[in-house]
Amino acid sequence: MRYVRFLKPPRLVVDKGSKPQISCLITITSDLGDSFLPYDVELAAELLSLHQTEEIVVWRTVQWKAGMRSLPITFPLTKNLKAQKFRLRVGGEPKSTYDDYGKMSGEATCGVVSVWSQEFSPSEATAAAKLVDRCFNLMDGHVICISEETGESIARHLWDAGITLSCHISELLKGGSPLAEALLPTSRPNQLRILELGTGCGMVGMTLAHLIADTNVLLTDLPEAQEIVEHNISQTKLAKGSTLKFQTLDWDEDLPQDLRSSRSPLHLVVAADCTYNADSSPALVQTLKRLCNVSPQARVAIAMKMRHSSEEVFFDLMAGAEFIKLTTLEYPLPGDVEIGEETVFLHVYQYKPSI
Ligand SMILES: C[S@@+](CC[C@H](N)C(=O)[O-])C[C@H]1O[C@@H](n2cnc3c(N)ncnc32)[C@H](O)[C@@H]1O
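When the letters of the sequence shown are read in order and numbered with the working numbering, they come out as residues 2 to 356.
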């Protein structure tokens, strides 16, 4: 997957001797930002008026070519546009209000994740804030939109494994699906309790609380993630009887007091893209062990895209901490050069301490 990103967010540009225009600069990179989209793709750039309902008022196609590192996009500012407020969307599929993970592998979009800018107004010469939205179709009638920052923070943007796991969570609603069997094996309790570690922007936990009724989801991360997660929580429509909260939880520290009690045990602990830094794996595994000492029945689901062989230390640490691997599910990422070259793996564990 590759993400459309604003190197310069949309804004009014008035150059001497030329007409005013709305302008931005985009790039299309991997989640880590370490590679650019290596294909030719035609993109739709759409100005969405926020006048009453959001609708496309001007649109154009732009061509991304393999080998490019950035691409400017401009729209002439006609009189009727001056007084309006806009968002700008740039993506593969024209006129779409969300990305459909299942269709992103197609040749037309090549795994490109669309971007929606924040609101901006040419008349006030304000640039869109350095926050963008991504929107995904989770299942029929369920679309989730999530904000991320455009900067370099690891916690405050989206990652392949989190999106991939989120876009498969609707399978939990189908009894007998491999995902349901792996994550929720026993008869369902009245209230399901799920904790997410290293939630980042919160997408996995938000999706769980949006799709699954009667579920308490606790998102956790370092304090630097708190502001963006709480913004995203405030935008999330919850399933009936479900709750969604954030709490700071640093793997390098002991569990917060309220998570040390076994009165309300967890049924599931999830983490997506949290194993990319082998140096953090001992603390992550230690945190999983602490959580499972309190909730020994919990399933542990770790979604990862292997980026480097050093990450394999995570598996040894899990075995050493007495976690038994029950199953691994594989999700090839959309937009691979060869299918399966880049894959998100979901490793599911059960804690089985020796007596
Ligand atoms: C690559 S991001 C993945 C974010 C999110 N799960 C996703 O898939 O989009 C890794 C996350 O782990 C968190 N993290 C790293 N070290 C941590 C620690 N010691 N304690 C808690 N969270 C940590 C980071 O803040 C970041 O949000």
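Where is the CB? At the ideal position from N, CA and C, for every residue including glycine.
Have a look at residue i and residue j and give me their C-alpha separation to the nearest angstrom.
| i | j | result |
| --- | --- | --- |
| Glu56 | Gln85 | 12 angstroms |
| Thr151 | Arg6 | 7 angstroms |
| Arg3 | Thr98 | 18 angstroms |
| Lys241 | Phe346 | 30 angstroms |
| Gly176 | Leu166 | 17 angstroms |
| Glu125 | Ser310 | 50 angstroms |
| Trp60 | Arg261 | 54 angstroms |
| Leu174 | Asn233 | 23 angstroms |
| Ile213 | Phe137 | 17 angstroms |
| Gly68 | Thr62 | 19 angstroms |
| Lys306 | Leu184 | 19 angstroms |
| Ile155 | Cys202 | 10 angstroms |
| Thr288 | Phe316 | 15 angstroms |
| Leu38 | Asp32 | 11 angstroms |
| Glu312 | Asp215 | 35 angstroms |
| Ser1 | Ile147 | In the structure as shown, the chain begins at 2 and stops at 356. Residue 1 is therefore absent and cannot be evaluated. |
| Leu49 | Glu343 | 34 angstroms |
| Tyr350 | Glu120 | 43 angstroms |
| Ile23 | Arg308 | 38 angstroms |
For residue i, does the three-state DSSP call read helix, strand or coil?
| i | result |
| --- | --- |
| His211 | helix |
| Val205 | helix |
| Arg191 | Residue identity check: residue 191 is Asn in the sequence provided, not Arg. Looking at Asn191 - three-state DSSP - the assignment turns out to be coil, as it is neither helix nor strand. |
| Leu174 | helix |
| Pro10 | strand |
| Gly163 | helix |
| Val230 | helix |
| Leu51 | coil |
| Ala67 | coil |
| Gly199 | coil |
| Gly103 | helix |
| Leu38 | coil |
| Leu330 | strand |
| Pro21 | coil |
| Pro179 | helix |
| Gly1 | For residue 1 there is no data in the structure shown, the boundaries of the chain being 2 and 356. |
| Gly93 | coil |
| Glu43 | strand |
| Leu220 | strand |
Does ligand 1 have a heavy atom nearer than 7 angstroms to the CB of residue i?
| i | result |
| --- | --- |
| Ala162 | yes |
| Ile155 | yes |
| Ala273 | yes |
| Thr237 | no |
| Asp251 | yes |
| Ala284 | yes |
| Met140 | no |
| Gly201 | yes |
| Ala226 | yes |
| Ser281 | yes |
| Tyr332 | no |
| Leu223 | yes |
| Met204 | yes |
| Tyr365 | An answer regarding residue 365 cannot be provided, because it is not within the stretch 2 to 356 covered by the chain. |
| Tyr4 | no |
| Leu219 | no |
| Leu159 | yes |
| Tyr40 | no |
| Tyr352 | no |
| Tyr277 | yes |
Alpha helix (DSSP H) runs wholly inside the stretch 233-319, at least 4 long, in chain order: Counting whole runs of 4 or more residues, the stretch 233-319 contains the alpha helix (DSSP H) stretches 282-295.
Would you call the stretch 298-305 and the stretch 263-273 in contact, with 3 or more CB pairs under 8 angstroms? yes
Assess, as a yes-or-no matter, whether the stretch 110-128 is touched by the stretch 39-49 under the definition of 3 or more beta carbon pairs within less than 8 angstroms. They touch, by the three-pair rule.
Stretch pair the stretch 242-258 + the stretch 209-218: three plus CB contacts closer than 8 angstroms: Contact between the stretch 242-258 and the stretch 209-218 is present: three or more C-beta pairs spanning the two stretches fall below 8 angstroms.
Would you call the stretch 188-201 and the stretch 212-231 touching, i.e. three or more CB-CB distances under 8 angstroms? yes
At a cut of 8 angstroms, does the stretch 278-287 reach the stretch 255-268 through at least three beta carbon pairs? no
Would you check if the stretch 325-334 and the stretch 285-296 touch, i.e. whether three or more CB-CB distances between them fall below 8 angstroms? no
Please specify which runs of the beta strand (DSSP E), each continuous and at least 3 residues long, are wholly inside the stretch 108-161, giving them in chain order. Inside the stretch 108-161, DSSP marks whole beta strand (DSSP E) runs of 3 or more residues at positions 116-118, 132-140, 143-150, from first to last along the chain.
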